[in-house]
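Chains as they are written, first to last, in the working numbering: chain C, 1 to 315; chain S, 1001 to 1315. The beta carbon of each residue, even a glycine, is placed where N, CA and C say it ideally should be. The structure presented is a predicted model; accordingly, all values stated were derived computationally and were not measured. Only one structure is covered here, and it is reproduced in the block below.
Protein chains: 2
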Amino acid sequence: MRIGLDVMGGDYAPLNTVSGAIDVYSKLNPGTKLYLLGDQFRITEICSQKGFDPGNFIIVHCSQTIKMDDHPVKSYQKKQDSSIVVGFNMLRNGQIDALASAGNTGAVLTGSYQTLKPLPGIMRPCISVEMPLLNGKKMLILDVGFNVDSKPDVLYQFGILGSIYARAMMGISRPRVALLNVGEEEEKGNMVTKEAYKLMSDSTDFDFVGNMEANRLFDGDIADVLVTDGFSGNICLKQAEGMYNLLRKLNIKNDFLEGYNYEDYGGTPVLGVPAPVIIGHGASSPLAVANMITSTERALERDLVGKFKEVLLRN
Amino acid sequence: MRIGLDVMGGDYAPLNTVSGAIDVYSKLNPGTKLYLLGDQFRITEICSQKGFDPGNFIIVHCSQTIKMDDHPVKSYQKKQDSSIVVGFNMLRNGQIDALASAGNTGAVLTGSYQTLKPLPGIMRPCISVEMPLLNGKKMLILDVGFNVDSKPDVLYQFGILGSIYARAMMGISRPRVALLNVGEEEEKGNMVTKEAYKLMSDSTDFDFVGNMEANRLFDGDIADVLVTDGFSGNICLKQAEGMYNLLRKLNIKNDFLEGYNYEDYGGTPVLGVPAPVIIGHGASSPLAVANMITSTERALERDLVGKFKEVLLRN
Chain C
1 MRIGLDVMGG DYAPLNTVSG AIDVYSKLNP GTKLYLLGDQ FRITEICSQK GFDPGNFIIV
61 HCSQTIKMDD HPVKSYQKKQ DSSIVVGFNM LRNGQIDALA SAGNTGAVLT GSYQTLKPLP
121 GIMRPCISVE MPLLNGKKML ILDVGFNVDS KPDVLYQFGI LGSIYARAMM GISRPRVALL
181 NVGEEEEKGN MVTKEAYKLM SDSTDFDFVG NMEANRLFDG DIADVLVTDG FSGNICLKQA
241 EGMYNLLRKL NIKNDFLEGY NYEDYGGTPV LGVPAPVIIG HGASSPLAVA NMITSTERAL
301 ERDLVGKFKE VLLRN
Chain S
1001 MRIGLDVMGG DYAPLNTVSG AIDVYSKLNP GTKLYLLGDQ FRITEICSQK GFDPGNFIIV
1061 HCSQTIKMDD HPVKSYQKKQ DSSIVVGFNM LRNGQIDALA SAGNTGAVLT GSYQTLKPLP
1121 GIMRPCISVE MPLLNGKKML ILDVGFNVDS KPDVLYQFGI LGSIYARAMM GISRPRVALL
1181 NVGEEEEKGN MVTKEAYKLM SDSTDFDFVG NMEANRLFDG DIADVLVTDG FSGNICLKQA
1241 EGMYNLLRKL NIKNDFLEGY NYEDYGGTPV LGVPAPVIIG HGASSPLAVA NMITSTERAL
1301 ERDLVGKFKE VLLRN
């Protein structure tokens, strides 16, 4: 398995990305090869500082970097030798099997559209996160940031994507799908969620269980998949991160709450594209990068993309 | 001060509302009179069960009830003898000085528009909550549920409303206003927040400090007023409620976290209307109702509405 890592992506790159790759190196399957995409001088420098042989990696030098605050589409077009563009080209051409990046999310979204192109029938690829529930289960939330303006039919399709993921990665044979909303009743919501509710309640593609409010996000056993647009989903995810930081600052420690440590999430796969692309947290620590690489390896092992193709190409 | 209480509003009405009124009765200022709007038989029954003299209240019998899942606008028009409609009529006619309700939020919104009518120049009245911050300060979030579809100019106006509130009720002379968004950078966000950012950054009406992400909701010292649409704001508020419930279930107790106990919030005033209207949590306990009544008394004491009129009628 050949995993490409965008070492220039993230607020503390390339130090944290290269460090994370070094830390995780010995834990990967023997057959896994890490391709480090970025400034080769910085990569070898960090390796030598850490007393690590850079020959363990395959280094692909990239002369450009898409910065976190660069305009995603413009920079993707202009910076053809950036680690993100090079990574997407290699993925499309079959030179690597998966790509992991904690870089500019908009640029990764652009690469998913322009270079990889969504799977047939997919209107909008999205990203998702498995959030821990008090009952020990997890709930998949999607979209958590790709599509900040989502139309009702796109939300409907997130129900399909989430169901495929929940079956493939979470082992749930018949996932329950809910819609994040401001009230439980059918008539509650904004224009988009009201319309999405109508579409979803008629669904034969998945098992719709109705609206869910955000006060049930942690302790509810209402759904396995929670559908929302990328704006609200991102706010939920970041507020959970804020809760984790708050409790840490208050010196409150608890095994269950440790599940909200975003460093452990590692990465979240882009759903609806023909090859595995994993996105990490912008503020990724070396541990988070290491976990992002492990997540990427797991998505390849479980053939996540193959399972999406199986369902989507069947229809 | 004459405070009207919709005793039929809330998931556990009228038991919890009447009980809350009884509990708070002795703590109110001697000059405060409570008007209980609702089914007089149920009110007197609950009073007698609790050994409380119903003659301490002024009971206004209402033969109808707008239920929590009734269609707000339709039921407001149809149920002219419901506690909510009667309350708004009394408020408009000067028979009471303020109205408190934990009932159907949409119906209270309807009454605010149709019976009270917004203050001159106000496009959309809204509701707000003061959220505790780790530094001991509070941050006002608005809108938290009235306007689930808000346009950029409405968000801009929330900045004005929030600033007036922060000066009047929180004692902040120059409130900092931020916009809730999915990234800090100017170009981040959905169509509405991108446009709102442009309007707000040119503002001479308030001190705009830029975008804020939800991971800074608890521990940040970024803003005194956080502007968002009623959909995202409601999700933030309910997720904070979910956090409180989660920690309670995990048996984690902490003085600071107790600040997120929504029972203590009591109520949130409708901003932008010509008389004090306070909205309580739908699932209000007697304690929450008692606090809602105290909040209402405080809004009258501090002449919150007078301060809004002062600023808005000056322009």
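Secondary structure of residue i, DSSP reduced to three states
i, result
"Q157/C", "helix"
"G1169/S", "Contrary to the premise, residue 1169/S reads as Met rather than Gly in this sequence. Helix at M1169/S."
"S101/C", "strand"
"T204/C", "coil"
"M1292/S", "helix"
"P1118/S", "coil"
"V7/C", "coil"
"A1021/S", "helix"
"K1307/S", "helix"
"E185/C", "coil"
"N943/S", "It is not possible to answer for residue 943/S, since the shown part of chain S is limited to 1001 through 1315."
"L28/C", "coil"
"G267/C", "strand"
"L1247/S", "helix"
"V1085/S", "helix"
"K1139/S", "First, the residue type needs correcting, since residue 1139/S is Met and not Lys in the sequence shown. Looking at M1139/S - three-state DSSP - the assignment turns out to be strand."
"Y35/C", "strand"
"A1178/S", "strand"
"P1274/S", "coil"
"C1126/S", "strand"
"L15/C", "helix"
"R1302/S", "coil"
"Q80/C", "coil"
"V148/C", "coil"
"L133/C", "coil"
"G280/C", "strand"
"Q95/C", "coil"
Contact with chain C by residue i, beta-carbon distance below 8 Å
i, result
"C1236/S", "yes"
"N1254/S", "yes"
"L1246/S", "yes"
"L1316/S", "Nothing about residue 1316/S can be read from this structure; chain S reaches only from 1001 to 1315."
"H1071/S", "yes"
"M1187/S", "Here residue 1187/S turns out to be Glu, not Met, going by the sequence shown. Closer than 8 Å to some Cβ of chain C, the Cβ of E1187/S qualifies, so yes."
Minimum Cβ-Cβ distance from residue i to chain S less than 8 Å
i, result
"N190/C", "yes"
"E241/C", "yes"
"E195/C", "no"
Whole-angstrom C-beta distance between residue j and residue i, which should lie under 8 Å
i, j, result
"L199/C", "Y156/C", "5 Å"
"A1098/S", "Y1076/S", "Incorrect: roughly 19 Å between the Cβ atoms, too far for contact."
"V1225/S", "A1166/S", "5 Å"
"P1269/S", "A1299/S", "5 Å"
"V7/C", "V18/C", "6 Å"
"R1176/S", "D1207/S", "5 Å"
"V1321/S", "V1129/S", "Outside the displayed span of chain S (1001 to 1315) sits residue 1321/S, for which this structure offers no information."
"I141/C", "L237/C", "7 Å"
"N234/C", "V1182/S", "4 Å"
"G1272/S", "L1161/S", "6 Å"
"E310/C", "A288/C", "At roughly 31 Å, the Cβ-Cβ gap does not stay under 8 Å, so E310/C and A288/C are not in contact."
Neighbour flag for residue i against chain B, beta carbons, 8 Å
i, result
"G159/C", "This model lacks chain B altogether; the protein chains it does include are C and S."
Near-chain C residues of the segment 1213 to 1233 of chain S (beta-carbon distance less than 7 Å), N- to C-terminal order: The residues in question are E1213, A1214, N1215, R1216, L1217, F1218, D1219, F1231 and S1232.
Inter-stretch contact at 8 Å, needing at least 3 Cβ pairs: the segment 1245 to 1254 of chain S / the segment 1111 to 1130 of chain S: Output reads no: the segment 1111 to 1130 of chain S does not touch the segment 1245 to 1254 of chain S.
Segment contact, 8 Å Cβ cut-off, at least three pairs: the segment 1098 to 1107 of chain S with the segment 1276 to 1284 of chain S: Contact between the segment 1098 to 1107 of chain S and the segment 1276 to 1284 of chain S is present, because at least three Cβ pairs lie under 8 Å.
Three or more C-beta pairs below 8 Å linking the segment 1201 to 1220 of chain S and the segment 1181 to 1191 of chain S: With the cut-off at 8 Å, the segment 1201 to 1220 of chain S and the segment 1181 to 1191 of chain S touch.
Within 7 Å of chain C by C-beta, residues of the segment 1126 to 1159 of chain S in sequence order: Residues passing the 7 Å Cβ filter: L1134, G1145, V1148 and D1149.
Stretch pair the segment 1033 to 1053 of chain S + the segment 1110 to 1119 of chain S: three plus CB contacts closer than 8 Å: No, because fewer than three Cβ pairs between the segment 1033 to 1053 of chain S and the segment 1110 to 1119 of chain S fall closer than 8 Å, the two stretches do not touch.
Residues, ordered as in the chain, of the segment 159 to 186 of chain C that lie near chain S by beta-carbon distance below 8 Å: Answer in chain order: L180, V182 and E185.
Validate contact between the segment 1009 to 1016 of chain S and the segment 303 to 311 of chain C using beta carbons, cut 8 Å, 3 pairs: Contact check between the segment 1009 to 1016 of chain S and the segment 303 to 311 of chain C: fewer than three CB pairs, one atom from each, fall below 8 Å, which does not count as touching.
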